[in-house]
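One structure is given below, encoded as structure tokens.
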Amino acid sequence: MTAAPETVRRSPTAPNAGSGGPSGYAKNTRSAPATRFATRLFEKQGYAGTTVEQIAREAEVSHTTFFRYFSSKEQVVLSDDLDDVRAQVIAGVPRD
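If you're matching positions, the sequence shown starts at 6 in our numbering and goes up one per residue.
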């Protein structure tokens, strides 16, 4: 007797393709390593001395993938995990 093939559900990986679920979980869990590695590199080499290529290499992604999650190196510093929550709250405010 053979087992039925397992169904794999995939959520969007790029922020522009959707939030990855109601809470933005997929987006945030995939961008978190880049943020963590960027912070380490900034502390070690300084902000100006750190390149996107270095951050991507440390996070084990291509620099193109880096730009799927962040619009620039500055965005790594300025982004937070509340973007999706903030958008949901604003969308829920009734209009007069």
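Note that beta-carbon positions come from the ideal geometry of N, C-alpha and C, so glycine has one too.
Residue i, buried or exposed, once every other Cβ within 10 Å from all chains shown has been counted against 16
{"i": "I95", "result": "exposed"}
{"i": "V66", "result": "buried"}
{"i": "T69", "result": "exposed"}
{"i": "A53", "result": "exposed"}
{"i": "A64", "result": "buried"}
Short Cβ contact (8 Å threshold) for residue i with residue j
{"i": "S81", "j": "F72", "result": "A quick correction: the sequence has Val, not Ser, at residue 81. No. Outside cutoff."}
{"i": "K78", "j": "V57", "result": "yes"}
{"i": "L5", "j": "I60", "result": "Because the chain is modelled from 6 through 101, residue 5 falls outside the range shown and cannot be assessed."}
Residue i (DSSP reduced to helix, strand or coil)
{"i": "T44", "result": "helix"}
{"i": "A31", "result": "Annotation note: pLDDT 43 at A31 (below 50); position unreliable, no value reported."}
{"i": "E58", "result": "helix"}
{"i": "P38", "result": "helix"}
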